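Student:
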Amino acid sequence: MAMTSLNISLPENLKAYVEGQVSSGDWGTPSEYIRELIRQDKARRMANLEQELLAAAKGPKIELSISEIRKKGLVTALRERARRA
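In my numbering, the protein residues as written are 2 to 86.
#1: From which residue to which residue does the alpha helix (DSSP H) around M47 run?
#2: Spatial neighbours of Y18 within its chain, please: C-beta separation below 7 Å, excluding the five flanking residues on both sides.
#3: Since I believe R82 is in contact with I63 (beta carbons under 8 Å), could you give me their beta-carbon distance rounded to a whole number of angstroms?
#4: Would you call the CB atoms of E37 and W28 closer than 8 Å?
As structure tokens, then:
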């Protein structure tokens, strides 16, 4: 997999925390630790989205016109309708 760089700034206490996690031996570098956190966050968000979609599928039917979807986008239109319901 091709790698690229992303520089981030951390307060000293967070930098020390990351370094402590790396020194625990579970990760070889701060980059590995941060990549793992991002993977976990991505997986958590996908699981949450899946649960929201399942709940929506079991909920009341929401009908949208094609013009409304084109104008606002599907996600925005659904969110607006759900708030009104």
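A virtual CB, placed ideally from N, CA and C, is assigned to each residue, including glycine. Small disclaimer: the values here were computed from a predicted structure and weren't measured.
Tutor: Straight from the coordinates:
#1: 31-59
#2: none
#3: 5 Å
#4: yes
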